[in-house]
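Note that the working numbering has the sequence shown beginning at 3, numbered continuously upward. Positions of the beta carbon are idealized from the N, C-alpha and C atoms, including for glycine. Written below as structure tokens is the structure these notes are about.
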Amino acid sequence: MERKPELQSKLKFDERGLIPAIVQDHYTKEVLTLAYMNAESLAITIAEGRTCFWSRSRQELWRKGETSGNVQRVVSITADCDADALVVEVVKAGPACHTGRESCFFQPVYLSEELKQFSYEGLYRLIAGRKTEPKEGSYTTYLFEKGLDKILKKVGEECTEVIIAGRKEDREETVYEIADLVYHVMVLMVQAGISVEDVTKELEKRHVVDHKVKQERMQ
3 MERKPELQSK
13 LKFDERGLIP
23 AIVQDHYTKE
33 VLTLAYMNAE
43 SLAITIAEGR
53 TCFWSRSRQE
63 LWRKGETSGN
73 VQRVVSITAD
83 CDADALVVEV
93 VKAGPACHTG
103 RESCFFQPVY
113 LSEELKQFSY
123 EGLYRLIAGR
133 KTEPKEGSYT
143 TYLFEKGLDK
153 ILKKVGEECT
163 EVIIAGRKED
173 REETVYEIAD
183 LVYHVMVLMV
193 QAGISVEDVT
203 KELEKRHVVD
213 HKVKQERMQ
């Protein structure tokens with residue numbers, strides 16, 4: 003991030019010398035955590051390019067990942083209109099939450115059935131929840147209980163269904179079968195410990211890679 007010392011000097015810290023920092027995943031835009039920085043931890047964050055916070059409970063500086071290894075590399079830091087809150091975009095290595103969750107925000111309080119929107123990250127979290135917290139009668143939980151071979155079999159079956167629907171040039175059926183395939187692939191991702199972010203990063207890399215490389219490797 004380009005440094006803006008004139009803006010840094012105008013940041014408004016509270017009476018304890020703290021400013022809230024909302025940490026957001028650079029790739030998925032998911033909110034990961036809410037932490038606090040003081041002037042020193044902000045300076046360390048900018049100097050080292052990784053998040054450093056002020057622990058209110060321990061009353062000391064806290065470099066994210068110094069014990070867990072789940073370091074957050076900083077992409078950008080943006081202040082709000084009043085300069086009294088920050089958004090810190092990061093590329094994270096591992097879960098952001100001490101519970102092992104990708105984000106600290108995972109406990110639903112309210113969700114509008116009318117306005118809620120689908121997201122792949124939301125679907126991934128839902129599927130992951132069926133593994134960590136099995137639900138009786140859930141098809142997803144059933145797949146995890148049956149194990150990897152069953153999951154792989156379903157992915158294979160859905161691949162075939164997509165091919166058949168595509169060959170018939172039936173748009174509606176093809177969309178339906180692709181949705182089934184995506185769902186089962188995401189079950190496989192959870193089983194294998196592969197996140198949406200992992201796949202996003204891989205696709206992002208391919209924008210700068212010669213498309214012939216994969217073909218050449220296969221020959």
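May I ask which residues mark the beginning and end of the beta strand (DSSP E) holding Ser78?
Per DSSP, Ser78 belongs to the beta strand (DSSP E) from Gln74 to Ala81.
For Leu125, I'd like the list of residues in its chain whose CB is within less than 7 Å of its CB, leaving aside the five on either flank, ordered along the chain.
Met188
Could you tell me which of Thr142, Pro22, Cys83 and Ala81 sits nearest to Trp56, measuring between CA atoms?
Measuring from the Cα of Trp56, the nearest candidate turns out to be Pro22.
Classify Lys66 as buried or exposed, calling it buried when 16 or more other Cβ atoms lie within 10 Å of its own Cβ.
Buried, since its Cβ has 16 or more Cβ neighbours within 10 Å.
Return the bridge partner residues of Tyr38 from the DSSP annotation.
Pro22
Report yes if the C-beta distance between Ile24 and Ile48 is below 9 Å; otherwise report no.
no
Measure how close the beta-carbons of Ala95 and Val77 come, nearest whole angstrom, since I'm counting them as under 8 Å.
Between Val77 and Ala95 the Cβ distance is about 13 Å, and since that is not below 8 Å, they are no contact.
With burial defined as no fewer than 16 other Cβ atoms inside 10 Å of the residue's Cβ, what is the status of Arg208: buried or exposed?
exposed
Counting only beta-carbon separations shorter than 9 Å, does Ala87 have a partner in chain C?
Looking at the structure shown, chain C is missing, and only one protein chain is on hand.
Between the segment 85-100 and the segment 123-142, can you find at least three pairs of beta-carbon atoms closer than 8 Å?
no
Just to confirm, are Asp182 and Glu163 a CB contact at a threshold of 9 Å?
Taking 9 Å as the Cβ cut-off, Asp182 and Glu163 qualify as a contacting pair.
Report the rounded CA-to-CA distance for Met220 versus Leu205, giving the unit in angstroms.
Here Met220 scores only 48 on pLDDT, less than 50, and its place in the model is too uncertain to base an answer on.
On the criterion of 16 or more Cβ atoms from any shown chain inside 10 Å, does Ala98 qualify as buried, or is it exposed?
buried
To the nearest whole angstrom, what separates the beta carbons of Thr142 and Ile129, a pair I think is in contact under 8 Å?
Right, the Cβ-Cβ distance comes to about 6 Å (below 8 Å), so this counts as a contact.
Alpha carbon to alpha carbon, how far is Val198 from Leu13?
34 Å
Quick one, which of Asp200, Gly195, Glu138 and Lys203 has its alpha-carbon nearest Gly102's?
Gly195
Let me know if Lys148 comes out buried or exposed under the rule of 16 or more other beta-carbons within 10 Å of its beta-carbon.
exposed
Could you check where the alpha helix (DSSP H) with Lys12 kicks off and where it finishes?
That residue, Lys12, is in no alpha helix (DSSP H); it is neither H nor E in DSSP.
Quick check on Cys83: buried or exposed, where buried means 16 or more other Cβ atoms within 10 Å of its Cβ?
Flag for Cys83 reads exposed.
Assuming contact is defined by CB atoms lying nearer than 9 Å, are Glu179 and Ala167 in contact in what I supplied?
yes
Whole angstroms are fine: how far does the CA of Gln193 sit from the CA of Tyr2?
With the chain covering 3 to 221 only, the question about residue 2 has no answer from this structure.
For Thr69, which of Cys54, Arg58, Gln61 and Ser43 has the nearest alpha-carbon?
Cys54
Between Asp27 and Met191, what straight-line distance do the alpha-carbon atoms span, to the nearest angstrom?
C-alpha separation (whole angstroms): 19 Å.
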